[in-house]
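Every position in the sequence shown, counted from 1, becomes a number in the working numbering once 21 is added. From the three backbone atoms N, C-alpha and C, an ideal C-beta is built for every residue, glycine too. Model, not experiment: these values are computed from the prediction.
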Amino acid sequence: MSTKVQPDRRRHLLQDVGIQAVGNYVSTFARVVRGFVIAGILGPVEMGVVSTGNLLLNYAQYADLGIAQGLNREIPMDLGRGEDDRAAEWVWYGLLGKLIAGLLVLAGAVAWAVSPLGSGQPEAVRLVIVIAAATSLVAGILLVFQFTAKSYTDFNGAARMVVLLAFANLVAGIVGARLAGAVGVALGVLAASAIAAVYGWHRVRPVHIPVMTRRRLLELIRIGMPLALLTFMGFNLENIDQVIILSLLDRESLGLYAIVLQAGGLLTLTALSVSNVVGPRLVRRYAESGSLEAIADLTWKPALALSALLPLVVCVSWVVGPLAIQWLLPEYISSVGPFKVYMTAMFFLGLNLGVSSTLLALGRHRLNVPIMLGCIVFNVAVDIVLVGWAGLGLQGVALGSLATYFVYWLLHTGLVRWYFERDLARVVRANLRIVWPGLVLVAMLGLSAIWGRVGTVSPGTDALFVIVAAVVAWLQGRRLLPEIGELFGGQK
Numbered sequence: 022m023s024t025k026v027q028p029d030r031r032r033h034l035l036q037d038v039g040i041q042a043v044g045n046y047v048s049t050f051a052r053v054v055r056g057f058v059i060a061g062i063l064g065p066v067e068m069g070v071v072s073t074g075n076l077l078l079n080y081a082q083y084a085d086l087g088i089a090q091g092l093n094r095e096i097p098m099d100l101g102r103g104e105d106d107r108a109a110e111w112v113w114y115g116l117l118g119k120l121i122a123g124l125l126v127l128a129g130a131v132a133w134a135v136s137p138l139g140s141g142q143p144e145a146v147r148l149v150i151v152i153a154a155a156t157s158l159v160a161g162i163l164l165v166f167q168f169t170a171k172s173y174t175d176f177n178g179a180a181r182m183v184v185l186l187a188f189a190n191l192v193a194g195i196v197g198a199r200l201a202g203a204v205g206v207a208l209g210v211l212a213a214s215a216i217a218a219v220y221g222w223h224r225v226r227p228v229h230i231p232v233m234t235r236r237r238l239l240e241l242i243r244i245g246m247p248l249a250l251l252t253f254m255g256f257n258l259e260n261i262d263q264v265i266i267l268s269l270l271d272r273e274s275l276g277l278y279a280i281v282l283q284a285g286g287l288l289t290l291t292a293l294s295v296s297n298v299v300g301p302r303l304v305r306r307y308a309e310s311g312s313l314e315a316i317a318d319l320t321w322k323p324a325l326a327l328s329a330l331l332p333l334v335v336c337v338s339w340v341v342g343p344l345a346i347q348w349l350l351p352e353y354i355s356s357v358g359p360f361k362v363y364m365t366a367m368f369f370l371g372l373n374l375g376v377s378s379t380l381l382a383l384g385r386h387r388l389n390v391p392i393m394l395g396c397i398v399f400n401v402a403v404d405i406v407l408v409g410w411a412g413l414g415l416q417g418v419a420l421g422s423l424a425t426y427f428v429y430w431l432l433h434t435g436l437v438r439w440y441f442e443r444d445l446a447r448v449v450r451a452n453l454r455i456v457w458p459g460l461v462l463v464a465m466l467g468l469s470a471i472w473g474r475v476g477t478v479s480p481g482t483d484a485l486f487v488i489v490a491a492v493v494a495w496l497q498g499r500r501l502l503p504e505i506g507e508l509f510g511g512q513k
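Put into structure tokens, the structure is as follows:
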């Protein structure tokens with residue numbers, strides 16, 4: 022039996038990617054609109070308060086010791102082995118982990134708010150922190166339902182949860198900003214998360230509560246802890262810049278950079294859509310076959326497609342993003358330079374998502390821990406040099422991300438490639454065939470810097486780069502044209 026992805030499988034894969042992509046794009050469009058409107062209502066200073074609460078909310082999702090993250094592996098693996106009843110019970114372990122972790126985070130936030138450490142902060146900051154801690158419990162429960170739906174390949178349900186959360190957040194966030202500033206925005210996030218969690222329960226419909234054992238809970242922690250550590254490091258890889266900004270600059274600068282980070286999240290949507298759909302399939306197929314050959318297509322063809330598409334997306338963002346900032350948020354015009362640099366950096370981070378599940382399937386995901394840790398230390402060191410010593414401000418922060426994301430891609434994808442090639446020269450050649458469009462993108466950014474256009478709104482120059490990126494997309498993507506033709510032509 023051929024190990025290649027058959028046309029009917031490809032159609033299902035393409036359909037699920039489409040569902041995931043539509044859900045991601047619609048929800049992120051709502052988040053971007055929300056972000057721009059709230060940024061305009063609050064201004065950079067209060068936006069910095071909102072970003073501080075978001076930092077806590079995001080960090081709190083790792084307080085469950087990886088119990089929820091473990092669902093991403095254990096449910097598909099049990100389904101692949103035909104143990105459906107066992108797979109259905111895991112959701113309760115995820116809910117238990119999130120409940121305990123959320124209560125601990127909330128207790129810690131309240132203790133901080135009433136302690137001497139918190140009493141020196143403005144009242145709005147203390148309230149936002151406590152509300153964000155409460156939200157972390159509800160958002161954690163929602164995350165369990167999303168993981169469960171994806172593990173069962175219910176991408177339609179998972180996408181609906183994301184879209185519902187985004188639109189509820191849009192309405193509640195804007196209303197909250199109008200009525201109560203940063204505190205109102207935080208309350209809006211709490212309300213939106215609760216609405217989406219109720220829908221998640223309805224969609225997943227967990228079976229009756231099983232007799233939960235400590236052995237299985239510890240097993241899930243053992244599996245999930247490295248995954249949580251990896252996602253925690255991945256979060257820091259993208260968001261350690263915010264900590265650096267608070268340390269070396271100020272809360273207003275954090276508010277300015279929030280626009281850049283939101284745009285970066287928009288840019289990675291395509292990569293995330295591919296990763297979210299391919300990941301469970303890849304894990305399940307490896308569980309069925311135990312063969313590297315069986316997952317080769319699901320590892321490298323998504324990465325090849327992303328390497329063709331992402332430069333074009335980046336260059337389009339260079340045109341659209343600065344114009345949107347200039348027209349809608351003139352207070353944030355100093356973010357244009359960091360915006361262009363950070364969008365370039367996201368190519369390498371997005372490209373990595375194409376192979377994000379392979380180490381997990383192989384049971385080698387722990388090897389990514391020292392890679393990520395080293396990259397985070399590298400990022401902090403580069404930021405300190407560029408921001409603290411060279412005085413490059415937010416543009417230095419974005420340059421630090423560009424250097425770090427490239428190094429991370431080099432090490433992580435190199436490790437994945439090693440398992441397939443087992444020869445350093447072949448690893449280098451194969452990865453160069455994937456990454457060269459990103460190197461062209463960096464070269465275009467360098468030209469823009471030489472011409473003095475990086476920090477300016479320059480749609481004419483950036484439109485020329487869009488044309489170059491379109492040529493790059495064709496040159497790289499034509500390798501996939503026979504595959505696409507077979508998919509839609511139905512040829513075997």
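Residue 349 and residue 437 have their C-alpha atoms some 43 Å from each other.
About 13 Å separates the beta carbon of residue 469 from that of residue 461, a gap too long to meet the 8 Å contact definition. Exclusion of the five residues before and after residue 211 leaves 152, 155, 156, 159 as the residues of its chain whose Cβ lies within less than 8 Å of its Cβ. In the three-state scheme derived from DSSP, where H, G and I count as helix and E and B as strand, residue 141 is classed as coil. By the Cβ neighbour-count rule, residue 223 is exposed, with fewer than 16 other Cβ atoms within 10 Å of its own.
With fewer than 16 other Cβ atoms from the protein chains shown falling within 10 Å of its own Cβ, residue 132 counts as exposed.
With distances taken between CA atoms, residue 257 lies nearest to 396 out of 396, 58, 234, 489. Along the region 422 to 456, the alpha helix (DSSP H) does not occur as any fully enclosed run of 4 or more residues.
If you draw a straight line from the Cα of residue 341 to the Cα of residue 487, it is about 11 Å long. For residue 311, there is no enclosing alpha helix (DSSP H), as DSSP marks it with neither H nor E. The region 424 to 442 and the region 362 to 374 touch, with no fewer than 3 CB-CB distances between them shorter than 8 Å. With a contact defined as Cβ atoms closer than 8 Å, residue 203 and residue 67 qualify at about 5 Å. For residue 320, the enclosing alpha helix (DSSP H) has its first and last residue at 317 to 349. Out of 410, 59, 400, the CA that lies nearest to the CA of residue 263 is found in 400. Contact between the region 353 to 367 and the region 284 to 292 is present: three or more C-beta pairs spanning the two stretches fall below 8 Å. Around residue 124, the same chain offers 158 as residues with beta carbons nearer than 7 Å, after the five sequence neighbours per side are excluded.
Here residue 467 is exposed. Its C-beta has fewer than 16 other C-beta atoms within 10 Å. Contact between residue 88 and residue 129 fails: their C-beta atoms lie close to 18 Å from each other, not under 8 Å.
Selection 376, 205, 382 evaluated against residue 308 yields 382 as nearest (Cα-Cα). Check the Cα spacing between residue 249 and each of 109, 82, 420, 453: the tightest is with 82. Pairing residue 187 with residue 360, the inter-Cα distance amounts to about 23 Å.
Residue environment: residue 105 is assigned as exposed (fewer than 16 neighbouring CB atoms within 10 Å of its CB, all protein chains considered). When the alpha-carbon of residue 273 is set against those of 47, 54, 60, the nearest one is in 60. Taking C-beta separations shorter than 7 Å and ignoring five residues to either side along the sequence, the partners of residue 127 in its chain run 154, 155, 158, following chain order. With respect to the C-alpha of residue 415, the residue from 311, 216, 442, 279 having the closest C-alpha is 279. Residue 247 places its beta carbon 9 Å or farther from that of residue 343. Under the DSSP assignment, residue 404 falls in the alpha helix (DSSP H) whose first and last residues are 389 to 404. For the options 190, 410, 498, the alpha carbon positioned closest to that of residue 53 is the one of 190.
In this structure residue 232 is not in contact with residue 109, their Cβ atoms being roughly 14 Å apart against a cut-off of 8 Å.
In the same chain as residue 441, and ignoring 5 residues on each side of it, the C-beta atoms closer than 7 Å to its own belong to 313, 317, in chain order.
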